[in-house]
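Okay, so the sequence shown: first residue is 1 according to the working numbering, each after it adds one.
Glycine residues also receive a C-beta, built at the ideal position from the N, C-alpha and C atoms.
For reference, the structure is listed below as structure tokens.
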Amino acid sequence: LPFTLKMGVFDNLTVDSLLDEVDFKTEQVELQGKKLSERRQTAWQSSTNKPFRYSGKVMSPSPFTPLVQEIRDRIFKLTGVPYDCALLNLYPDGTSGMRFHSDPDQGIHWSTNTAVVSVGDTRLFVMREMDDHSKRHQFYVTSGDVLIMHGDCQQRYQHSIRTEEPGVRAAGVALDGSSSSSSSRSKHQRWSAALGPRISIVFKQSLEEEERWKRRGALAE
Numbered sequence: 001l002p003f004t005l006k007m008g009v010f011d012n013l014t015v016d017s018l019l020d021e022v023d024f025k026t027e028q029v030e031l032q033g034k035k036l037s038e039r040r041q042t043a044w045q046s047s048t049n050k051p052f053r054y055s056g057k058v059m060s061p062s063p064f065t066p067l068v069q070e071i072r073d074r075i076f077k078l079t080g081v082p083y084d085c086a087l088l089n090l091y092p093d094g095t096s097g098m099r100f101h102s103d104p105d106q107g108i109h110w111s112t113n114t115a116v117v118s119v120g121d122t123r124l125f126v127m128r129e130m131d132d133h134s135k136r137h138q139f140y141v142t143s144g145d146v147l148i149m150h151g152d153c154q155q156r157y158q159h160s161i162r163t164e165e166p167g168v169r170a171a172g173v174a175l176d177g178s179s180s181s182s183s184s185r186s187k188h189q190r191w192s193a194a195l196g197p198r199i200s201i202v203f204k205q206s207l208e209e210e211e212r213w214k215r216r217g218a219l220a221e
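Here it is, written out as structure tokens:
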């Protein structure tokens, strides 16, 4: 399979620590000709000057904040891929998710390498085949997990974060039924649904960075 879930890579990340340094915003996207406010909040960080575009929305880059840069450096040690951009998504509770999609502009602006770090509450992640939507892989992502997508993953599969209504699954319960300590919520109490907030950090690699890295590798041989 062109994707791998690395469980428990980060054991000390919290939603609060990211909220303290990341400027999340609620913005509008265009769907079927209509402007709609997103349920999630987003931020775009980059060591380049590249914006990120999707659904009629253009995100200007901000520099990497210290914690996100630290996470990126650890992802490099894990994967060997030098990521130079990150889309951060803040899902306030279990009723906010993401419909099935493939990430835009792969092969145009971005390489096929993607690493997604989950922070916060546990959520259901689903991959379905493009050619046969009945063929699916689904698994819970917990705080500290890293999902790596590579190769033709996003040409073959769409992915989704499923919504969960309050009461369907107890908030803060891990896969083994034990209590989860995935995030501290003492400082940020605005999220009030049964399931707590989750942040996904989607690390992306520009084609320019991929080409630079390939040249470095060729010179080192």
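Endpoints, the alpha helix (DSSP H) within which glutamine 155 is located: Start at 1 with the first residue of the sequence shown, and residue 155 comes out as number 155. Counting along the chain, glutamine 155 sits inside the alpha helix (DSSP H) bounded by residues 153–156.
Hey, is leucine 90 close to the ligand ADP, as in C-beta under 8 Å from one of its heavy atoms? Ligands in the displayed structure: none, and consequently the ligand ADP is not present.
Given this structure, state the Cα-to-Cα distance separating phenylalanine 10 from aspartate 105, to the nearest angstrom. In the sequence shown, counting from the first residue as 1, residue 10 sits at position 10. In the sequence shown, counting from the first residue as 1, residue 105 sits at position 105. Going by the C-alpha atoms only, they are around 29 Å apart.
Between which residues of its own chain and serine 17 is the CB-CB distance below 7 Å, once the five residues before and five after are set aside? Within the sequence shown, residue 17 is the residue found at index 17, counting from 1. If we look at serine 17 and ignore the five residues flanking it on each side, its Cβ neighbours are Leu67.
Would you call histidine 101 buried or exposed, if buried means 16 or more other Cβ atoms sit within 10 Å of its Cβ? The sequence position of residue 101 within the sequence shown is 101, counting from 1. Exposed, because fewer than 16 other Cβ atoms sit within 10 Å of the Cβ of histidine 101.
If you draw a straight line from the C-alpha of valine 15 to the C-alpha of serine 111, how long is it? The sequence position of residue 15 within the sequence shown is 15, counting from 1. The sequence position of residue 111 within the sequence shown is 111, counting from 1. Spanning the two alpha carbons is a distance of roughly 28 Å.
Endpoints, alpha helix (DSSP H) assigned at phenylalanine 76: Numbered from 1 along the sequence shown, position 76 holds the residue referred to as residue 76. It spans 66–79 - the alpha helix (DSSP H) in which phenylalanine 76 sits, taken as one unbroken run.
Is isoleucine 148 near phenylalanine 3, with beta carbons less than 9 Å apart? Position 148 of the sequence shown, counted from the start, is the residue given in the question as residue 148. Position 3 of the sequence shown, counted from the start, is the residue given in the question as residue 3. Closer than 9 Å, so yes.
Quick test of your reading: aspartate 84 and glutamate 209, contact by CB under 8 Å. State the CB separation rounded to the nearest angstrom. For the purposes of this step, residue 84 is taken as residue 84 along the sequence shown, with counting starting at 1. For the purposes of this step, residue 209 is taken as residue 209 along the sequence shown, with counting starting at 1. In this structure aspartate 84 touches glutamate 209 by the C-beta definition: roughly 4 Å separates them, less than 8 Å.
contact_flag[the stretch 196–205, the stretch 85–100] where n(CB pairs < 8 Å) is 3 or more: When Cβ pairs closer than 8 Å are counted between the two stretches, the stretch 196–205 is seen to touch the stretch 85–100, the count reaching three or more.
Please state whether DSSP places arginine 39 in a helix, a strand or coil. For the purposes of this step, residue 39 is taken as the residue at position 39 of the sequence shown. Residue state, collapsed to three classes: coil.
State the Cα-Cα distance for the pair histidine 109 and aspartate 121, rounded to the nearest angstrom. Sequence index remark: in the sequence shown, residue 109 carries index 109 (1-based). Sequence index remark: in the sequence shown, residue 121 carries index 121 (1-based). Between the alpha carbons of histidine 109 and aspartate 121 lies a gap of roughly 31 Å.
Top-ranked residue by Cα proximity to threonine 26, from Trp44, Lys204, Asp20 and Met127: Locating residue 26 in the sequence shown gives position 26, counting from the first residue. For the set Trp44, Lys204, Asp20 and Met127, the Cα lying nearest the Cα of threonine 26 is the one of Trp44.
Nearest CA to the CA of aspartate 145: which residue from Ala115, Arg99 and Pro82? Along the sequence shown, read from residue 1 onward, the residue named residue 145 stands at position 145. Distance from the Cα of aspartate 145 is smallest, within the candidate group Ala115, Arg99 and Pro82, for Ala115.
Would you report the Cα separation of isoleucine 161 and arginine 40, rounded to the nearest angstrom? Here residue 161 is taken as the residue at index 161 of the sequence shown, counted from 1. Here residue 40 is taken as the residue at index 40 of the sequence shown, counted from 1. Roughly 12 Å between the two C-alpha positions.
Going by CA-CA distance only, name the one from Gln32, His150 and His159 that's closest to histidine 133. Working through the sequence shown from its first residue, we reach residue 133 at position 133. Minimum Cα distance to histidine 133 is reached at His159.
With a CB to CB cut of under 6 Å and the five nearest residues on each side skipped, what residues in its chain are close to lysine 35? As a working mapping, residue 35 is identified with position 35 in the sequence shown. The answer, listed in chain order, is Gln28.
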